[in-house]
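Since the structure comes first, as structure tokens, the remarks are kept for the end.
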Amino acid sequence: MVILPASFAGSPRAQQQAFQDAMAVVAKFGYPSLLITMTTNPKWRKTVDNIPIGDQATNHPMLVSRVFKCKSDALLDDIINVRIFGVGAAKLAVIEFQKRGLPHIHILIILIDADRIRDAQQIDRIVSAEIPSPAQEPELYDLVSRHTIHGPCGALNPNAPCMVDGKCTKGFSKPLAEETIIFESDRITYSRRANGPRIRQ
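Numbering of the sequence shown is given in this note's numbering, commencing with residue 12 and proceeding in unit increments.
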């Protein structure tokens, strides 16, 4: 029998050690304020400009990983040094690879007590679950349209990959709500007003 030590990345002992380290951080600084996920976009210009014409980003994992590292470092700099969400007391981050070989990062941010998010208005300042106005924010509308819309699924496309037993496994479509609601269980329904812009797929 072979026992891999905690110094071997990805081993059960390494994962257990990482978990214990994370729990020690939470015990000292409190529960996380934000969970942020950033995924690789294989169409990022720095990736597309550096692969042969007609080839796919998934065939160039070194390039994809280097571009992703630059982008994730820039995001972490905005969070930690620029303090776009407030002053952080601690952060935890892990990079994972999808089945297609594309990396993504999960980041937990623990804000200092003075900057902790306590009400729906604070949430609305940093999270938007609504489609931006194409007239007021055309670039953001274009990015949201191309990269962050789930579906169609449900009755519109019952054969979508996310559909199992007639239901979307990702929980779409989300309910409309005139305002952001924080439930006692800490579950949140984000503001999704019925009269906002729409995207046809």
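Just so you know, even glycine gets a beta-carbon here, dropped at the ideal spot from N, CA and C.
Problem set entry | Backbone secondary structure at E150 - three-state DSSP | The answer is helix: DSSP assigns E150 an H, G or I state.
Problem set entry | K181 - DSSP class collapsed to helix/strand/coil | Under the three-state reduction of DSSP output, K181 falls in the coil class, being neither helix nor strand.
Exercise. Among the residues of its own chain, which have a CB less than 7 Å from the CB of L86, if the five just before and after it don't count?
Worked result: Closer than 7 Å at the Cβ level, and outside the excluded window around L86, lie M49.
Problem set entry | Host alpha helix (DSSP H) of M49 (start-end) | Careful: M49 lies outside any alpha helix (DSSP H), inside the beta strand (DSSP E) at L45 to T50.
Exercise. Less than 7 Å separating the beta-carbons of I142 and I210?
Worked result: yes
Problem set entry | The beta strand (DSSP E) enclosing L74, as first and last residue numbers | From DSSP, L74 is part of no beta strand (DSSP E) but of the alpha helix (DSSP H) over P72 to D88.
Exercise. Among I134, F183, W55 and G207, which has the Cα closest to the Cα of F96?
Worked result: I134
For this session: Determine the contact status of A101 and V36, defining contact as a CB-CB distance below 7 Å.
Result: yes
Exercise. Taking DSSP as the reference, what is the three-state secondary structure of K8?
Worked result: The structure shown has nothing for residue 8, since the chain only spans 12 to 212.
Problem set entry | The alpha helix (DSSP H) enclosing R24, as first and last residue numbers | P23 to F40
For this session: Could you pull the start and end residues of the alpha helix (DSSP H) that R94 belongs to?
Result: First-last for R94: undefined, no H or E at that position.
Problem set entry | Extent of the continuous alpha helix (DSSP H) run through V138 | Counting along the chain, V138 falls outside any alpha helix (DSSP H), and DSSP gives it neither H nor E.
For this session: Count the other C-beta atoms from every protein chain shown that fall within 10 angstroms of the C-beta of T51, then say buried if there are 16 or more, exposed otherwise.
Result: buried
Exercise. Can you tell me the Cα-Cα spacing of D66 and E189, whole angstroms?
Worked result: Using only the alpha carbons, I get a separation of about 45 Å.
Exercise. Quick one: any contact between the segment 104 to 119 and the segment 61 to 76, if contact means 3 or more CB pairs under 8 Å?
Worked result: yes
Problem set entry | Limits of the alpha helix (DSSP H) - the one that R56 falls within | R56 to V59
Exercise. Alpha carbon to alpha carbon, how far is P63 from S83?
Worked result: Between P63 and S83, the C-alpha separation is close to 24 Å.
For this session: Mark S144 as exposed unless 16 or more other C-beta atoms lie within 10 angstroms of its C-beta, in which case mark it buried.
Result: exposed
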